[in-house]
Structure formats: structure tokens, C-alpha cells
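Asks: Converting from the sequence shown to the numbering used here requires adding 260 to each position, the first position being numbered 1. Take this structure first; my questions come after.
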Amino acid sequence: MAGGAAHPGAELLAFARFLDSSLQPLVYGYGPGSLRELRAREFGRLAGLVLKLKLQYSGHLMFDHAGTTLFPQSQITSFMKDLLENVYGNPHSQNISSKLTHDTVEHVRLRILAHFHTSPEDYTVIFTSGSTAALKLVAEAFPWVSPGPEGSGSCFCYLTDSHTSVVGMRKITAAMNVTSIPVRPEDMWSADRQDAAAAEDPARDPAGQPPHLFCYPAQSNFSGTRYPLSWIGEVKSGRRRPASRPGKWFVLLDAAAFVGTSPLDLSVHQADFVPLSFYKIFGFPTGLGALLVNNRSAPLLRKTYFGGGTAAAYLAGDDFYVPRESVAERFEDGTISFLDVIALKHGFDALERLTGGMENVRQHTFTLAQYTYAALSSLRYCNGAPVVQIYSDSEFSSPEVQGPVISFNVLDDNGNIIGYSQVDKMASLHNIHVRTGCFCNTGACQRHLGISDEMVKKHLQAGHVCGDDVDLIDGQPTGSVRISFGYMSTLEDAQAFLRFIIATRLRPSHGQPLPLATPGEAGAPPEDSEAQNAVPATRARGSPSPQEDASPHSGVWNNSPATEDAEGLCLPLLEATGTQQTTSEKAADVLDGDLRSHVVTNLYLYPIKSCAAFEVTRWPLGSQGLLYDRSWMVVNHNGICLSQKQEPRLCLIQPFIDLQRRVMVIKAQGMEPIEVPLEENSEKVQICQSKVCADRVNTYDCGEKISNWLSKFFGRPCHLIKQSSDFQRNAKKKHSKDQPAHTTATLSLVNEAQYLLINRSSILELQQQLSTSCENGKELFPMNNLISRFRANIITNGTRAFEEEKWDEISVGSLHFQVLGPCNRCQMICIDQQTGQRNQDVFQKLSERRERKVKFGVYLMHTSLDLSSPCYLSVGSQVLPLLKENIKHHDIPATEKFQDAIS
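The structure is reproduced here in C-alpha cells:
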């Protein structure tokens, strides 16, 4: 995400000035208590968040509350205390513990209904595994009427700005020959409203006519647009029709995205069906949702399958079944997740205690979103071009029309979109958690990004699927970046995110980051100020709003000199520690750009995935690549593989392979060396299964001794596991369509391919560009430092930068390799392999050099390898490349989705 130039007097939008410019009172915080203290007390796992954007910190900035919010510590503590002090039995039994469970669950049902301002007289709570299961339940149980010779049948209408789970209901209705009608938001807005008299005309009595269902979200999970809750009553009464069909209309309000940050009053807006997921509100428990059913609509629901606990009586040998009378008991098949239901009580308690209620949450989160929107939309390059393109149906004028969600794409100074995947990678460098893609809402994604139906199909044919990292195809975006706020979000969070955008996009001509303001210095209210409470700030009518004053030098950017509101904060570049030249480098002594033949200058293998390199001058090959390359990996106590993305200190673990003694020696600073056998003891080994890049692999644990060693070093439980020698993992990547099936490569624990090759000439060019970007041209990245960041196996001298991407095949000595394609890089190249420190400059400069495609190095697969006799790779071997035919100089198509193999 290489940046452009900005006005040298730029400063962060002061929060106090933002409040003063508002037409309506804005609220930040929850009363006299300190929001910062709340964060420290309840969300300590976010600790390490610094107020200044530094290169290295351990904290987290969470901006995916629309995905899931965070649970407070007191909620979990209270729930654990409850579990430790009480005995909860199966609610279907009749004993004392079961009675306690039943009564507690019923109390929680009442609590849920009270939260939504209704009662058991009007609504029933049906527990499900989540909002998706609730939607599926409605689709299966709604009394659809198939069209017949005497009249039309039911229709299923849904807003195109709907979650995938809503659109997926049409597969169930299609099986019943029910028509599905997608309704665009603009068509629903412009739908003719009939007066009450016309809607109640006896001639239009829907009695005996088919029932129809209209589904729409209270809040778009893509853009945060909030649709009118008044549609519920208008559609049900016939005053607003999604489609011109005679019959009775029912309304399903998808409230999953809405209720996480806003109150919902079902006593006023009486939807027939309301699905929701509780983790959107509380963060915990997950896997639990509910369908709130209007009791007047409940008798219409039909059910075919009956599970445990739903029958009043049935016969095993005859088709006799009588359902229970209670709506909830009829539809809750089997034993509900009763402990998770009990956890909801503690969620409600914590939410009300910490915030005072959902109206306060709505006001607080909207203030943060409105401020961030004003700042982002005002951000400009020096040529006046906007830094971001925001996808919104509102100007963030009111929480009635907009939720605390901002969907956008980052632009360069020429107006070209920078892919969301690259933005996500840069954000990860600063532990900033965002959501990217289309967020399971293809309809809204198409509408805001201008993606036609044909383009969606074309993207699929090109290899792009939902949830991948293919962000641009033919220069057009396939998705966007989304940030969202939760009740524990702070002004410091918002300003840290804005400084991240400024630091990565806006740099003066000498390449150094702009001076930035800290949150407290950029107009943030002090902890004891009134801004922690309700902050009324009414400006005079006629003065410009943040949207109206979005000139190239307004809002976030201010043309005036720095004031007391903003002091300079420079982002220091971390100088990498230089390393001594290795013996193999001295032996090679090859000048970059020499026209003689390519030669191998360095060989590296990485015995433990994501740990330090082991450099060799000559090494045997195995069926999976260099012998013992990435044969081991470190996993956490849940068996999940650790990489430097989560644990940068992995690079400080130094493995050495001793082939003669058949052991791997592992060293780390402050630790005694430890040895691990190269091969497993088949009599003692216990095979377990792990995953690498979604591939199942058979592994075995290397023992308690090395586990304790690693756990001591990292300060948390860890294990070392090795890929089983008799397990074969086939590579998914192939050289070409002409490659015969029998040549499919087998892999170790690498991500994608057997070998990774980089070219010193490419490194040299990157090094020169980094040096020119640094003040006074100071060299901050020695050649060895850069080479180590890319974690390649084979280093060649090369003659021209990036010429390796034009190779089709290569020979190294007597060995032959096929080139599979370029390696798309992730944020791991920002980690100094000698120190574990992060610096984003390498990623940014490479992105700039490669036209926003962060590619470096190529994957190799050996061909026709005969292991009946030993085969070796050696430093100094001649490298003979064969060029591709019909080389095209344009972006790699989406089908080349090679992921980073450097871990």
C-alpha cells in the first residue's frame, strides 16, 4: 500500500471540533465512569494497544464487531461462578437439577423478550444454533401454497441487500414451486404507498388467498444502511407491497446485524419473524441464536420432522404423532444448548451494567462511526484526489438511517482501487482487525461496486470464490474493506485506524511518514471531560457540515499550521541488525547484473515451519523437496499451527540438522540446546491429524521434553509435531495443463510448493528503492536481511530484476525443475528474521514496485527425480532457465492464487 504525497500541514480531525460541527447532540461513553478504565478492566486481552502508532506492539484494534463483538471479562467470570456453584441437569428430565435448568431457561426467555420490549403474550422465543438456522426454520415451516389451476400461489420476496442465509431460503421455496422475487432497495423505497382505506377495502380481503413472505434486514451487514422499521407495518397492512400479488403478507425482519448496537422495540414494530444471533450482541456464547415468532403468526407454521422433546405423544410402530402445545417446545428439536442459554443471563447483566442499555450503545457507536466517516471522506492527496471510496446510502446523519459500519476501498492518487487483500495485510501489521470481501452479501456488493451478474459469473470462471483474497480482476474490485464499532470501541481506536490510513497512504516526497497526532493530542477529550458523558454540541445553522466541508484541505486535512490540538508524531523506521557475510556468499562472490550464467549463491532449508533458516552449501533432496525442509511445526495447545503472523518470535528458534548423528539440534537465546530425533520411533509414536492450508496431514508429537522447552520459551503451552514419514500430501499446484498426473508433487508442511527461488537482482532493486525512500539514502535493509525475510530455499545471482517470473523451467546442475508461478507475499516479509521486529516498509515498497501485486520469488517443482541414488543441490551450481512462450506483460489473472509459502 505505497503512499502518495499529502499536504505538509495535515493533521488529524480534532474530535472536539467534530462535536462542535454536529447538528445534533452526540454521545460518547456511558456516563461518569472512564471508558478507558472499562477497557482495561473488562477487555484486558486487548492490552498492549498504544496510543501512538508504533511499529511493534502486542495489542489488538478490533474493527469487526459486525462479525462478532467482544465479551467482557466480568461476563465470563460471572458465568463460570454460576456453573461452579450450581448443578444444571438436562431440562427434559424431572429431577431437581433439571428443574433448575428448566426454570433458568424460562427466565432467560423472559429476559430476551423484555430486552426487545415485548412479552410472552405477543412473542415466543425459539432457540436455534444461530440466525441462519432460524431463517432455515421459517423457510421450512412457512405455509407456502404452490400455484394451482385456480389461482396463483405464494411468493417469497427478499431485499437484494440481504445476507446469503436469507437469499438461500429460495432453494427451499423453489422445491415447493414457490416464486422467489428479489426486490432492489431503490424499488422498495419508491414502492407506491396506498392509503389506509384502499388497503382495508373489503373487495381486497386476503382471506382464502395465499400467504406471502417478505424478508429484509433492519441493517445491511455490507454498508450499515438501516432500513425503515415502518416497512413492517406497511407491508403487513398492504400499504406498501414488495410485489403486486393478492394475498396476505407476512414480514421477516433479519435483525442479526441490527441488534448488536441498537435497541429493537417489538411492541411497536411487530414483525412476524425475527431471527438473531446472540454473539453479535454479547460476544459469547457463540453457536446460539433465536427465532422470535409473533404469536399471531405462530399457528400457521408447519413442521414435518419431530425430534426429542417436541412430541406430546407418538407411536413407534404407527404413523401417530401429537406435537407439544408450546410453540417453542414444538420447534426446539432435541435438548437445547441449555448452558449457553444460561450464559445469556450473564450477558444481559454485563451489557446493562457496563452501558446502561442499548440506546446508549447506539448513540456511542454511531458517534464513533460518524466521526470516522467524516475523517475518511475528507482525506485527500495533494492533487485533491480522495484517499478512500466509501460505499454508503447515507451521509451518516443519524443512527436511524445508518449503523456503526463503514464499507470502503482505498484508492491511490490516480483514483485506482487498491485491493482489499493488500489493505488487510497492511492492517494486520498493526494488529488491526478488519473484514474484507463481500461479507456474505453479494447483492449489496454488486450494487455498490457496480458488479454485474455476468461479471460475477466471469469472476467465478477466473477462479474467484467468496471468501478468497482475489481482490482485483481486470482492475475492478471484487469486494471492499469493512470496519465496524462495538460498545467497547473508543475514540483512540478510531484515531489509530485513521493514523494507519494516513501513515500507509500519505507520505511526503522524501518517503518518510507524515507527522501524526496521538489520540489525546488530536482533540480527544480527556478522561474526566464531559465528552465521556452525553456531549451536546449544536452549531449555528448555515455553518458547513463535515460532508459539506470536504474540500481537499478540510476535515482530516487542515491547511493551517499545527495547533495545540495536534503535535507531531513520527513513525521511526526500525534499523535492521546487520549480519556477517556467510561463507557461501564469499565463495560465490557474484556481481549482480553479470551477464555470465546464473548460479546458486545460497541454499536454505527451514526444518521447523516458520522458524529460523538453516543455511547449507550442499544438501540432499527428498521426494518432498530439500530433505527435512519444513518437516516439523510448532502448534498451540489446541493443535493449531503457529506462524510468525501470530508469534514473530518463532524466527528466533534456530534448528540445525546433524545428518551423521540423525538428530536436529534446536537453539534459542537464553535456552539450553535440545535435540530431537530426525525419525520417529515406530513402536512409540502416536499418529494424530493436523491441518496445513486446509490440507489434512498426519503428524506425531515429538514428546514432552521439547514441548516443555518450547512452552518455556514462548510462555504458553506449545508442542512440536512432525509430519509422518508414511503420509503423502499431494500438491494442488501444477505446472501446466500438459503436465501428466503422475508428476504431481508431494509436499512437506509447506504451504504451496516444494521449493521457493528468489533472484538477488530482484533483491538488489528492492534494496535500492528502500534506500532512496529513506532519509539521506541511509541503508536500513542489508542484503542478507532482505534475503532472510523472503524465506526462500534457492538464491540465484540473476542478471535482471524479476526475470525469474518469465521462466518456464530451469536446470540446476543435473536437476530439472518446473516453474509453477510467482509467490504472492503476505505480511510475514515485514518481520526482521534476526530480531522478530516488524517494519511495514518492505511490504509497502514491494507493493509500489509491483503495481500493488505483492509478488516475490517463484515456486518450483522438481521433475523426473530419481532417488535410487542420492541427489544434491549445491551452492555454485549453474542455473539454466528456459523462458516462457508468448510472455504477456500484464497482471497475473485471478487463477494464479498462489499463497505465501514462506512460513
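Glycine residues also receive a C-beta, built at the ideal position from the N, C-alpha and C atoms.
Classify residue 904 as helix, strand or coil using the three-state DSSP reduction.
Replies: coil
Asks: Which one or two residues does DSSP pair with residue 351 in a beta bridge?
Replies: Paired residue(s): none; residue 351 is not in a bridge.
Asks: What three-state label does DSSP hand residue 559 in the structure shown?
Replies: helix
Asks: Measure the alpha-carbon distance for residue 1124 versus residue 968 and round it to whole angstroms.
Replies: 42 Å
Asks: Hey, could you find the ends of the alpha helix (DSSP H) residue 703 is sitting in?
Replies: Segment 702 to 709, the alpha helix (DSSP H) holding residue 703.
Asks: Would you mind reading off the limits of the beta strand (DSSP E) that contains residue 514?
Replies: Where residue 514 is concerned, the enclosing beta strand (DSSP E) stretches over 508 to 514.
Asks: Using CA coordinates, which residue listed in 984, 1031, 508 is at the minimum distance from residue 1008?
Replies: 984
Asks: Per DSSP, what kind of secondary structure is residue 776 in: helix, strand or coil?
Replies: Summary for residue 776: the model assigns pLDDT 35, below 50, so the residue's position carries little reliability, and this model does not support an answer.
Asks: Once DSSP output is grouped into helix, strand and coil, what is the label at residue 673?
Replies: coil
Asks: When burial is assigned at 16 or more other CB atoms within 10 Å of the CB, is residue 630 buried or exposed?
Replies: buried
Asks: Looking at the unbroken beta strand (DSSP E) that takes in residue 923, where does it start and where does it end?
Replies: 923 to 927
Asks: Of all the options 648, 656, 545, which has the alpha carbon lying nearest to the alpha carbon of residue 607?
Replies: 545
Asks: Taking all protein chains shown into account, decide if residue 689 is buried (16 or more other Cβ within 10 angstroms of its Cβ) or exposed.
Replies: buried
Asks: Using 8 Å as the Cβ pair cut-off and three pairs as the minimum, do the segment 1091 to 1102 and the segment 1063 to 1079 touch?
Replies: no
Asks: According to the neighbour-count rule (16 or more other Cβ atoms, all chains shown, within 10 Å of its Cβ), is residue 1121 buried or exposed?
Replies: buried
Asks: Quick one: residues in its chain with C-beta nearer than 6 Å to the C-beta of residue 1115, no 5 flanking neighbours on either side, listed in chain order?
Replies: 1082, 1084
Asks: Taking only runs of the beta strand (DSSP E) that begin and end inside the segment 613 to 697, which ones reach a length of at least 3 residues, in chain order?
Replies: 648 to 651, 665 to 671, 695 to 697
Asks: Compare the Cα-Cα distances from residue 518 to each of 554, 478, 512, 508 and report the closest residue.
Replies: 478
Asks: So, with DSSP's three-state summary, where would you put residue 1080?
Replies: strand
Asks: Any idea if residue 783 is buried or exposed, counting beta-carbon neighbours within 10 angstroms, 16 or more meaning buried?
Replies: For residue 783, the predicted structure reports a pLDDT of 37, less than 50, and the residue's modelled location is therefore unreliable. A value from the coordinates is still provided. Its Cβ being crowded by 16 or more others within 10 Å, residue 783 is buried.
Asks: Do three or more CB pairs link the segment 638 to 649 to the segment 598 to 613 at distances below 8 Å?
Replies: Because the criterion of three Cβ pairs below 8 Å is not met, the segment 638 to 649 and the segment 598 to 613 do not touch.
Asks: Quick check: what's the CA-CA separation for residue 527 versus residue 446?
Replies: 28 Å
Asks: According to DSSP, is residue 268 helix, strand or coil?
Replies: Residue confidence is low: residue 268 scores 37 on pLDDT, short of 50, so the model does not pin down where it sits. Its coordinate-derived value is still stated next. In the structure shown, residue 268 sits in coil (DSSP, three-state: anything other than H, G, I, E or B).
Asks: Could you name the residues that DSSP lists as bridge partners for residue 492?
Replies: Looking at the DSSP output, residue 492 shares a beta bridge with no other residue.
Asks: What's the call for residue 1012, buried or exposed, on a 16-neighbour Cβ count within 10 Å?
Replies: buried
Asks: Given residue 495, which residues of its chain have a CB within under 8 Å of its CB, disregarding the five upstream and five downstream residues?
Replies: Cβ neighbours of residue 495 beyond the five flanking positions: 474, 501, 502, 509, 511.
Asks: Kindly list the residues whose CB is nearer than 7 Å to the CB of residue 573, restricted to its own chain and excluding five residues on each side of it in sequence; keep chain order.
Replies: Taken in chain order, the residues that qualify are 582.
Asks: If we count Cβ pairs, one from each stretch, closer than 8 Å, do we get three or more for the segment 675 to 695 versus the segment 418 to 436?
Replies: no
Asks: Evaluate residue 618 with the Cβ neighbour count: other Cβ atoms within 10 Å of its Cβ, from every protein chain shown; 16 or more gives buried, anything less gives exposed.
Replies: buried
Asks: Identify whether residue 404 lies in helix, strand or coil by the three-state DSSP scheme.
Replies: For residue 404, the three-state secondary structure derived from DSSP is coil.
Asks: Examine the Cβ distances between the segment 400 to 408 and the segment 561 to 580 and report whether three or more of them are shorter than 8 Å.
Replies: yes
Asks: Hey, out of 433, 486, 416, whose CA is closest to residue 504's CA?
Replies: 416
Asks: Consult DSSP for residue 338 and reduce its assignment to one of helix, strand or coil.
Replies: helix
Asks: Please classify residue 1105: does DSSP put it in a helix, a strand, or coil?
Replies: helix
Asks: Since residue 935 sits in a beta bridge, which residues does DSSP pair it with?
Replies: 925
Asks: With distances taken from CA atoms, which of 602, 303, 437, 285 is nearest residue 347?
Replies: 602
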